[in-house]
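Asker:
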Amino acid sequence: MWRTKLTSLPAKEQALPGRCEAMAVENKHYVHGRPIQPPFPQTCDSIVVGMGCFWGVERLFWALPGAYTTAVGYAAGLTPNPTYEEVCTGYTGHNEVVLIVYDPAELDLDRILQVFWESHDPTQGMRQGNDRGTQYRSGIYTTSREQYQAAVNSRDRYKQALNVRGLDEITTEIMPLETFYYAEGYHQQYLAKNPGGYCGLQGTGVSCPSS
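Going by this note's numbering, the first residue of the sequence shown is number 13, and it counts up by one from there.
Here it is in structure tokens:
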């Protein structure tokens, strides 16, 4: 897996042009068979997170009880409908992210945020472990005002917990989701298809206080 070294986001005039056509992917989760594209059940909400290489992140969340479905993709950049190769250049501005569709009656948002904070290091800026580049930054991309506020509140609680341990400041970006672009089909549920594949997830060892 090619890991870019670009560590600053491109200006709009530097961004790759992309394309009008959306990525074609099979609308079936490899693990449980549910759809990975909308429409989803009306009882479900969705949130998008970035925690480094999206292979391991997706596996983490599809295993959570109450997660209806997951998919990997790109978000928070400038280039429309990017390819993986384009994202790897650093000139799309996109992050490698995971879409989590969940039923709040079965999976609480606070639980999702707790897993997010505890399963990676949100203090590393434009990298995660040995994966360096803008596509590996920590991020939460929300789909409602309530989600946004919950994410900010959880960040503030986790910041205090990290400070007690003398760790660095959180660099996670939290913003409303503009567009989620699906990644290529071979990336979807990659670690279920390739059990021995790469996963670089590693947390700080600090627990996230609940709300």
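Ideal Cβ placement from N, Cα and C applies to all residues, glycine included.
#1: Going by C-alpha to C-alpha distance, which of 187, 79 and 171 sits closest to residue 180?
#2: Let's test the definition: count the other Cβ atoms within 10 Å of the Cβ of residue 165 and tell me whether it reaches 16, buried, or not, exposed.
#3: Would you call the region 78-89 and the region 187-197 in contact, with 3 or more CB pairs under 8 Å?
#4: Any idea if residue 65 is buried or exposed, counting beta-carbon neighbours within 10 angstroms, 16 or more meaning buried?
#5: To which residues does DSSP link residue 140 through a beta bridge?
#6: Give me the DSSP bridge partner(s) of residue 127.
#7: For my contact list, residue 58 and residue 113 are in at a C-beta cut-off of 8 Å; report their separation, rounded to the angstrom.
#8: Select from 209, 204, 213 and 214 the residue whose C-alpha is nearest the C-alpha of residue 41.
#9: State the Cα-Cα distance for the pair residue 146 and residue 18, rounded to the nearest angstrom.
#10: The alpha helix (DSSP H) with residue 69 in it runs from where to where?
#11: Rank 43, 63 and 39 by C-alpha distance to the C-alpha of residue 52 and give the top, closest one.
#12: Taking only the alpha-carbon atoms, compute the straight-line gap between residue 188 and residue 34 and give it to the nearest angstrom.
#13: Would you say the beta carbon of residue 219 is closer than 6 Å to some non-hydrogen atom of the ligand ADP?
#14: For residue 139, which residues of its own chain have a beta-carbon under 6 Å away from its beta-carbon, when the five flanking residues on both sides are left out?
#15: Tell me whether the beta-carbon of residue 45 lies closer than 7 Å to the beta-carbon of residue 107.
#16: For residue 56, count neighbouring C-beta atoms within 10 Å of its own C-beta (all shown protein chains included) and say buried if the count is 16 or more, exposed if not.
#17: Look at the alpha carbon of residue 78 and the alpha carbon of residue 54, and state the distance between them as a whole number of angstroms.
Answerer: Here's the rundown:
#1: 171
#2: exposed
#3: yes
#4: buried
#5: 143
#6: None, per the DSSP bridge assignment.
#7: 5 Å
#8: 204
#9: 6 Å
#10: 66-74
#11: 39
#12: 21 Å
#13: Summarising the ligand content, the structure contains no ligands, and the ligand ADP is consequently not present.
#14: 148
#15: no
#16: buried
#17: 14 Å
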